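One line per chain: the protein sequences are D and X, in this order.
Sequential numbering from 10 applies to the first sequence in this note's numbering.
Sequential numbering from 10 applies to the second sequence in this note's numbering.
Glycine included, C-beta positions come from ideal geometry on N, C-alpha and C.
Note that the structure is predicted; figures quoted are calculated from it, not measured.
Below: one structure, written as structure tokens.
2 protein chains.
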Amino acid sequence: MSVTLKEVAERAGVSRSAVSRTFTEGASVSHKTRRKVEKAAEELGYHPNALASSLTTGRTKLIGLISNNFHNPLFLEVFDLFTRSLQDRGLRPLLVNLTEETDPASSVRLLRQYSVDGVIVASSTLSPEFAKAFRDARMPVVHSFGRFASAPSVHVVGIDNVECGRMAARTLLKRGYKKLAFLGGPREATSTVDRRAGFFEVLKGESEIEVSESYATAYSFDAGRHEMLRLLEGPPAEAYFCGDDVLSVGALSAVETKGLRIPEDVGIIGLNDMEMAGWANINLTTIRQPVRQIIDSSIELVVAMLDEPDRYPEARLFACEVIERGTLRPL
Amino acid sequence: MSVTLKEVAERAGVSRSAVSRTFTEGASVSHKTRRKVEKAAEELGYHPNALASSLTTGRTKLIGLISNNFHNPLFLEVFDLFTRSLQDRGLRPLLVNLTEETDPASSVRLLRQYSVDGVIVASSTLSPEFAKAFRDARMPVVHSFGRFASAPSVHVVGIDNVECGRMAARTLLKRGYKKLAFLGGPREATSTVDRRAGFFEVLKGESEIEVSESYATAYSFDAGRHEMLRLLEGPPAEAYFCGDDVLSVGALSAVETKGLRIPEDVGIIGLNDMEMAGWANINLTTIRQPVRQIIDSSIELVVAMLDEPDRYPEARLFACEVIERGTLRPL
DNA sequence: GGTCATAATGCAACCGGTTGCAAAAACTGA
DNA sequence: TCAGTTTTTGCAACCGGTTGCATTATGACC
């Protein structure tokens, strides 16, 4: 089948060890043998078998990348960045699609079978417990886009969703909206809970501000549109803080369908700043989540854990920022 | 570190072979030992190391999934389906993001190092040569969404882009459009070339039909919008066949920006039927590519090649269908 | 109970590498 | 030239499994 170490060794007239050493960084080989080996390897078209070597080195350079967000356009960007960054560091992503049907425990088993060096859980909707299952199995794990906790049980890299809620509230207040609403994602999602909390925290103090809340069943276009259509059967709020950008786009389309103008009649602010939010026909005012930084930091963290498996769990938070576009009335 | 075969064998009081056989489908083990082994394994929390076994079996159950389409929303659906289907068959996707910078040869090397059982190249813009590099390295490979060829050099699963071009032309003719245009994706992409060919083939015969053509620099929103804005500086065509759906959405937004009505002033037909095309605020008439079928078929094919590595290359084509929505005038 | 076919088991070699260790080779300085 | 030091090298054991083969245990049948 494939060319092996042994064949190269024979051709080069050296021992197998010598060949192995030629291909291991920092091993002791003389120039002469190295050249002989490289020549033989070249002629035979030899490439070391990463899996075989992982057996003794204990490193596969495989990173499990788990997500359940295969319907959120933001995650195409997320996958793009993750795969690029991992590749740049010589790591390979083993992708796991966590569907409703798949048993969480089975993904732990799976990634253990493949002896991945580390695991990145990329999801804003999964509970911290999920990532913890990997830690319990003694695998380095980082929860990206996960919920901030002041005493995290696993490494978390993401944003402070509560603060995002506050930010949204302040942004709306500053623009003079009096009748506000929170249009959240699924109630169970930790991100929904936190964003709501921050939003209401700021508004609670404000007299003469009216706030209402409701929830879409998913972070999706259809759910957002559906819920907004329902809301618009009654008198609308002046501005909505929507669970995320996809939800916002759904809500926007509902508003248009009902013949209301944006931002004159109804204002909308989203969260994420997915690429599409900037498209001219959507032009969504939103809160940007620094995706690239979160991803780079997640990878750094998981890499650091390779050498330091018992590293004390930390939460890394990145600041978000409001991106002004066309779905809120100007200041 | 991790529990091994040997430890289980010792605990169960049997040989290592016995343990190995307990975990291999169809091996000969008595009920009694099997039970002993299972008990010991359970107590120790043993799980076989897939990579170690791959060394002797020659099967890793790893499938390289290569793509360069990390900016096309359709591919989020593609990745979703690929990962699910692979998982359902007990295969694991090793994702490779092929960027402009990455050297094609290096991805061959990479996937060879990880002894993937097979490779799926998922891209409509890559040349058939790319997939061929894997075949030359004697790896089972399937080019999904690749270019149809009557004498394919590697397995191709996809659609007949020429026929799609014809289909678009006929659809526009049937609606009585007289002044048509092709707004293609990048000139180099085989899909662009083929779609154009089919489109013009049908229209060439038609007298009193006026056709023009131009190209966007990428299958992207910005490129589509940019090119359409440019076109709209002159007198517009009555209807455009756009390179794909993202391009179409960009074009749509340009049309709206210029204050023209859709479909009254300008008609647009796309290709792909990505999820977003059905969103109420986009509502794009388009040609649906049967993504699920293409993916299932690709996986079937690559699985079949595991047992039959020299299987004669074939091209599998799936029929497309026009999805009527709101961007073309009705019949 | 004895013969024979069949099923279950363990041994040992192997998959494609790595690595500790001791021996050999290559330097160093006097 | 030689002892002492450093580098390079090969041996052999190991990583965590699988598998062909010979041996032993089991069961069927008379």
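1. Please list the partners that D:Ser9 has in chain X, where partner means a Cβ-to-Cβ separation under 8 Å.
2. Using alpha carbons as the reference points, say which of D:Ala142, D:Thr134, D:Leu95, D:Arg93 lies closest to D:Ser115.
3. What's the C-alpha gap between X:Arg121 and D:Thr336?
4. Between D:Asp274 and chain X, is there a C-beta pair that is closer than 8 Å?
5. Along the segment 110-127 of chain X, what residues have a CB closer than 8 Å to any CB found in chain D?
6. Is the distance from the Cβ of D:Arg144 to the Cβ of D:Asn170 below 8 Å?
7. Could you tell me which residues DSSP puts in a beta bridge with D:Ile75?
8. Report the residues of the segment 212-225 of chain X with a CB closer than 8 Å to any CB of chain D, ordered along the chain.
9. Would a check of beta-carbon distances place X:Arg101 closer than 8 Å to chain D?
10. Which one of D:Cys173, D:Leu100, D:Leu53, D:Ala160 has the shortest CA to CA distance from D:Glu330?
11. Should D:Lys45 be labelled buried (16 or more other beta-carbon atoms within 10 Å of its own) or exposed?
12. With a threshold of 8 Å between beta-carbons, can D:Pro318 be considered close to chain X, or not?
13. Beta carbon of X:Phe157, beta carbon of X:Val150: below 8 Å?
14. D:Lys183: which of D:Glu309, D:Asp282, D:Arg338 sits nearest, CA to CA?
15. Hey, does X:His235 have any beta-carbon neighbour from chain D nearer than 8 Å?
16. Let me see if you follow: with CB-CB separation under 8 Å, is X:His56 close to chain D or not?
17. Residues of the segment 137-156 of chain X in Cβ contact with chain D at a cutoff of 7 Å, in chain order, please.
18. From this set, X:Ile303, X:Tyr228, X:Val28, which residue's C-alpha is nearest X:His56's C-alpha?
19. Of the residues that make up the segment 237-268 of chain X, which ones have a beta carbon closer than 9 Å to any beta carbon in chain D?
20. Around the Cβ of D:Arg98, are there at least 16 other Cβ atoms within 10 angstroms (buried) or fewer (exposed)?
21. Write down the C-beta distance between D:Asn81 and D:Tyr228 rounded to the nearest angstrom, noting that I regard them as a contact closer than 8 Å.
22. Between X:Ser216, X:Gly127, X:Gly252, which lies nearest to X:Glu232 when the distance is taken from Cα to Cα?
23. Let me check understanding here. Comparing Cα to Cα, which of X:Leu71, X:Glu317, X:Ala21, X:Gly73 lies closest to X:Ala49?
24. Check whether the segment 279-297 of chain D touches the segment 309-319 of chain D, taking contact to mean three or more Cβ pairs, one atom from each stretch, closer than 8 Å.
25. Can you give, in chain order, each stretch of the beta strand (DSSP E) that sits fully within the segment 153-183 of chain D and has at least 3 residues?
26. Check the DSSP bridge columns for X:Ser223 and list the partner residues they point to.
27. Can you find a C-beta in chain X that's less than 8 Å from the C-beta of D:Phe32?
28. Hey, which unbroken runs of the beta strand (DSSP E) at 3 residues or more fall wholly within the segment 246-278 of chain X?
29. Are the CB atoms of D:Arg295 and D:Ile278 nearer to each other than 8 Å?
30. Buried or exposed: which applies to X:Thr134, given that a residue is buried once 16 or more other Cβ atoms fall within 10 Å of its Cβ?
31. Where does D:Ala289 sit, in a helix, a strand or coil, going by DSSP?
32. For D:Lys70, does the count of other Cβ atoms within 10 angstroms reach 16, so buried, or fall short, so exposed?
33. Which of the three DSSP states is assigned to D:Phe208 in this structure?
34. If you drop the 5 nearest sequence neighbours on each side, which residues of the same chain put their C-beta closer than 6 Å to that of X:Asn78?
35. Within the 8 Å Cβ cut-off, does X:Asn170 reach chain D?
36. Does the beta-carbon of X:Asp347 have 16 or more other beta-carbons within 10 angstroms, so that it is buried, or is it exposed?
From the atom records:
1. The structure shown does not extend to residue 9 of chain D, since chain D spans only 10 to 340, so no value can be given for it.
2. Here the question's residue 115 of chain D lines up with position 106 in the first sequence. Among D:Ala142, D:Thr134, D:Leu95, D:Arg93, the Cα nearest to that of D:Ser115 is on D:Ala142.
3. Within the second sequence, residue 121 of chain X is the residue found at index 112, counting from 1. Within the first sequence, residue 336 of chain D is the residue found at index 327, counting from 1. The alpha-carbon atoms of X:Arg121 and D:Thr336 are separated by roughly 50 Å.
4. Against the first sequence, residue 274 of chain D aligns to sequence position 265. Not one chain X Cβ lies under 8 Å of D:Asp274.
5. Shown in chain order are the members of the segment 110-127 of chain X whose Cβ falls below 8 Å from a Cβ of chain D: Thr111, Arg118, Leu119, Arg121, Gln122, Tyr123, Ser124.
6. Here residue 144 of chain D corresponds to residue number 135 of the first sequence, with the count starting at 1. Here residue 170 of chain D corresponds to residue number 161 of the first sequence, with the count starting at 1. No. Outside cutoff.
7. The residue you call residue 75 of chain D lines up with position 66 of the first sequence. D:Ile75 pairs with D:Val105, D:Val130.
8. The segment 212-225 of chain X vs chain D, Cβ under 8 Å: nothing.
9. One-based indexing of the second sequence puts residue 101 of chain X at position 92. Yes, X:Arg101 counts as interfacial toward chain D.
10. As a position in the first sequence, residue 330 of chain D is number 321, starting the count at 1. Closest in C-alpha terms to D:Glu330, from the list D:Cys173, D:Leu100, D:Leu53, D:Ala160, comes D:Cys173.
11. Here residue 45 of chain D refers to the residue found at position 36 of the first sequence. With at least 16 other beta carbons inside 10 angstroms of its own, D:Lys45 counts as buried.
12. To locate residue 318 of chain D, count along the first sequence from 1; it is residue 309. With 8 Å as the cut-off, D:Pro318 does not count as an interface residue toward chain X.
13. For the purposes of this step, residue 157 of chain X is taken as residue 148 along the second sequence, with counting starting at 1. For the purposes of this step, residue 150 of chain X is taken as residue 141 along the second sequence, with counting starting at 1. No; because the gap between Cβ atoms is not below 8 Å, this pair is not in contact.
14. By one-based count along the first sequence, residue 183 of chain D stands at place 174. Comparing Cα-Cα distances from D:Lys183 to each of D:Glu309, D:Asp282, D:Arg338, the minimum goes to D:Arg338.
15. Taking the first residue of the second sequence as 1, we reach residue 235 of chain X at position 226. For X:His235, the nearest beta carbon of chain D is not closer than 8 Å to its own beta carbon.
16. To locate residue 56 of chain X, count along the second sequence from 1; it is residue 47. Chain D, which has a Cβ nearer than 8 Å to the Cβ of X:His56, makes this yes.
17. Against chain D - using a Cβ distance shorter than 7 Å - the segment 137-156 of chain X contributes no residues.
18. Residue numbering aside, residue 56 of chain X sits at position 47 when the second sequence is read from its first letter. Comparing Cα-Cα distances from X:His56 to each of X:Ile303, X:Tyr228, X:Val28, the minimum goes to X:Val28.
19. Cβ contacts with chain D: Val258, Gly259, Leu261, Ser262, Ala263, Glu265, Thr266.
20. By one-based count along the first sequence, residue 98 of chain D stands at place 89. By the 16-neighbour rule on beta-carbons within 10 angstroms, D:Arg98 is exposed.
21. Position 72 of the first sequence, counting from 1, holds the residue named residue 81 of chain D. Position 219 of the first sequence, counting from 1, holds the residue named residue 228 of chain D. Correct: roughly 6 Å between the Cβ atoms.
22. Start at 1 with the first residue of the second sequence, and residue 232 of chain X comes out as number 223. Rather than Glu, the amino acid found at residue 232 of chain X in this sequence is Ala. For the residues X:Ser216, X:Gly127, X:Gly252, the minimum Cα distance to X:Ala232 belongs to X:Gly252.
23. Residue mapping note: residue 49 of chain X aligns to position 40 of the second sequence, counting from 1. Closest by alpha carbon: X:Ala21.
24. With a cut-off of 8 Å, the segment 309-319 of chain D and the segment 279-297 of chain D do not count as touching, because too few Cβ pairs lie within range.
25. As far as the segment 153-183 of chain D is concerned, its whole beta strand (DSSP E) runs of at least 3 residues are 164-168.
26. The residue you call residue 223 of chain X lines up with position 214 of the second sequence. Listed as beta-bridge partners of X:Ser223 by DSSP are X:Leu192.
27. As a first step, residue 32 of chain D must be located in the first sequence, where it is residue number 23. No, no contact with chain X.
28. Fully enclosed beta strand (DSSP E) runs of no fewer than 3 residues occupy 248-251 of the segment 246-278 of chain X, in order along the chain.
29. Within the first sequence, numbered from 1, the residue matching residue 295 of chain D stands at position 286. Within the first sequence, numbered from 1, the residue matching residue 278 of chain D stands at position 269. Looking at the sequence shown, residue 295 of chain D is not Arg but Thr. Taking the C-beta atoms as reference points, D:Ile278 is found nearer than 8 Å to D:Thr295.
30. Locating residue 134 of chain X in the second sequence gives position 125, counting from the first residue. By the 10 Å Cβ count, X:Thr134 comes out buried.
31. Residue mapping note: residue 289 of chain D aligns to position 280 of the first sequence, counting from 1. In the three-state reduction of the DSSP assignment, D:Ala289 falls in the coil class.
32. In the first sequence, residue 70 of chain D corresponds to position 61, counting from 1. Under this definition D:Lys70 is a buried residue.
33. Here residue 208 of chain D refers to the residue found at position 199 of the first sequence. Reduced to three states, the DSSP call for D:Phe208 is helix.
34. Indexing the second sequence from 1 puts residue 78 of chain X at position 69. Scanning its chain for C-beta atoms nearer than 6 Å, with the 5 sequence neighbours on each side dropped, one finds around X:Asn78 the residues Phe84, Ser132, in chain order.
35. Numbered from 1 along the second sequence, position 161 holds the residue referred to as residue 170 of chain X. Not one chain D Cβ lies under 8 Å of X:Asn170.
36. Any answer about residue 347 of chain X is impossible in this case: the structure gives chain X only from 10 up to 340.
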